[in-house]
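Novice: With the working numbering applied, the sequence shown covers 5 to 310. Where is the CB? At the ideal position from N, CA and C, for every residue including glycine. Being a predicted model, the structure only gives us computed values, none of them experimental. Have a look at the structure that comes next, please.
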Amino acid sequence: MNGIVAVWKEKGMTSHDVIFQMRKIFKMKRIGHCGTLDPEVEGVLVVCLGQATKLVEFLMEGKKIYQGEVTLGIATDTEDAHGQVIEEKLLEQAIDDQAIDQVLQSLTGHITQIPPYYSAVKVKGKRLYEYARAGIKVERPKRQVYIEHFKRLGPSRYEADSQTQSFLFEVKCSKGTYVRTLAVDCGKALGYPSHMSKLIRTQAANFEQADSYRLDQLRLLSEDNKLSRAILPIELAISHFTQIQLNEDQYHDIKHGKVLTADYFGDNLDQPTALLYQSHLLAIYGPHPSKVGLIKPIKMFSTEGV
Numbered sequence: 005m006n007g008i009v010a011v012w013k014e015k016g017m018t019s020h021d022v023i024f025q026m027r028k029i030f031k032m033k034r035i036g037h038c039g040t041l042d043p044e045v046e047g048v049l050v051v052c053l054g055q056a057t058k059l060v061e062f063l064m065e066g067k068k069i070y071q072g073e074v075t076l077g078i079a080t081d082t083e084d085a086h087g088q089v090i091e092e093k094l095l096e097q098a099i100d101d102q103a104i105d106q107v108l109q110s111l112t113g114h115i116t117q118i119p120p121y122y123s124a125v126k127v128k129g130k131r132l133y134e135y136a137r138a139g140i141k142v143e144r145p146k147r148q149v150y151i152e153h154f155k156r157l158g159p160s161r162y163e164a165d166s167q168t169q170s171f172l173f174e175v176k177c178s179k180g181t182y183v184r185t186l187a188v189d190c191g192k193a194l195g196y197p198s199h200m201s202k203l204i205r206t207q208a209a210n211f212e213q214a215d216s217y218r219l220d221q222l223r224l225l226s227e228d229n230k231l232s233r234a235i236l237p238i239e240l241a242i243s244h245f246t247q248i249q250l251n252e253d254q255y256h257d258i259k260h261g262k263v264l265t266a267d268y269f270g271d272n273l274d275q276p277t278a279l280l281y282q283s284h285l286l287a288i289y290g291p292h293p294s295k296v297g298l299i300k301p302i303k304m305f306s307t308e309g310v
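Below, the structure written as structure tokens:
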């Protein structure tokens, strides 16, 4: 089996747990996912089967959409609702939603983030969460990310009893973005400690919540021998690539993985390009890494069925 399955990962499972279960359901080992979700976050996890695993690195580069909640007035050591409270500052009155929107807008485009202490980023061979658990402070490396949009969903809610304020949001962001940190930075800009109190991933690459299946749904399909219904074609994963439909002569050159001149298809091929024959993905070609003016295969796919 080759293709892509959009899985709705439920809370309490690691991304590896999902892959373990998928291997049992599909009775195959060649399965991989395209971007880890924290155990307490539910949402779309894109899973590749068979030949589609060759596309994992490209799918991981795709934008992701999250919906969540920011709570103002309380900060935690993990930057989410599961950590220890480290700072509180009560809100005597509600912050105007327009002020919130201005801050969200200021956090769009190319921005610099400092990863949370409780994250898997490595510093000197150890992950940041290992230092955090040992109570050791280290300098965290900055990273550049891109926020396509960061917007409030509906009116914010002020809780007079706890003197906190929460609002729902949606963010579309690049690979490597820490949404928890966005929530913290939003609070800082408003003058209050804050944390991310809820989060789900509604889209990864081009795959949405509506495309996804829960593991129990996949098990039922397996029992009815209808798993193919859940498998999306590999070609959906390359919709963002420049694509070339091959003629028969070109097909015979490409299927053997030949190194070709950059102008083989007319215009110089200067970026990874998907090559299809009879609408089936045959290869991804790109510039030769060491020989100017040549192109070579980055990934080759089975010609079975072509």
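Taking DSSP as the reference, what is the three-state secondary structure of Gly7?
Specialist: Reduced to three states, the DSSP call for Gly7 is strand.
Novice: Between the alpha carbons of Ile4 and Phe245, how many angstroms are there, rounded?
Specialist: Nothing in the structure corresponds to residue 4, since the chain is present only between 5 and 310.
Novice: Going by DSSP, what residues sit across from Tyr135 in a beta bridge?
Specialist: Paired residue(s): none; Tyr135 is not in a bridge.
Novice: At a cut of 8 Å, does the segment 39 to 59 reach the segment 288 to 305 through at least three beta carbon pairs?
Specialist: Judged by Cβ distances under 8 Å, the segment 39 to 59 makes contact with the segment 288 to 305, as three or more pairs qualify.
Novice: Scan the segment 40 to 73 and note each continuous alpha helix (DSSP H) run of 4 residues or more that stays entirely inside, going in chain order.
Specialist: Counting whole runs of 4 or more residues, the segment 40 to 73 contains the alpha helix (DSSP H) stretches 60 to 63.
Novice: State the Cα-Cα distance for the pair Met32 and Val89, rounded to the nearest angstrom.
Specialist: Cα to Cα, the separation comes out at about 44 Å.
Novice: Assign Glu227 to one of two classes, buried (16 or more other C-beta atoms within 10 Å of its C-beta) or exposed (fewer than that).
Specialist: Answer is exposed; the Cβ neighbour count stays below 16.
Novice: Can you give me the C-alpha to C-alpha distance between Pro4 and Ala164, rounded to a whole angstrom?
Specialist: In the structure displayed, the chain extends from 5 to 310; residue 4 sits before or after that span and is not available.
Novice: Quick one: measure Cβ to Cβ for Glu83 and His260, integer angstroms, because I've assumed they're closer than 8 Å.
Specialist: About 51 Å separates the two Cβ atoms, so there is no contact after all.
Novice: Exposed or buried, which one is Pro237 when buried takes at least 16 other CB atoms within 10 Å?
Specialist: Exposed is the call here.
Novice: Could you pull out every residue in the same chain whose Cβ sits closer than 7 Å to the Cβ of Thr265, ignoring the five residues on either side in sequence?
Specialist: So the qualifying residues of the chain are Gly297, Leu298.
Novice: Based on Cα-Cα distance, which residue from Arg144, Phe62, Lys176 lies nearest to Thr112?
Specialist: Here the closest residue by C-alpha is Lys176.
Novice: Determine which residues share a DSSP beta bridge with Ala208 and list them.
Specialist: Ala208 is bridged to Lys68, Phe211.
Novice: Using the Cβ count rule (16 or more neighbours within 10 Å means buried), how would you classify Gln109?
Specialist: With fewer than 16 Cβ atoms within 10 Å of its Cβ, Gln109 is classed as exposed.
Novice: Taking Gln249 and Leu280 to be in contact with their CB atoms under 8 Å, please state how far apart those CB atoms are, rounded to whole angstroms.
Specialist: Contact flag correct, Cβ pair sits at about 5 Å.
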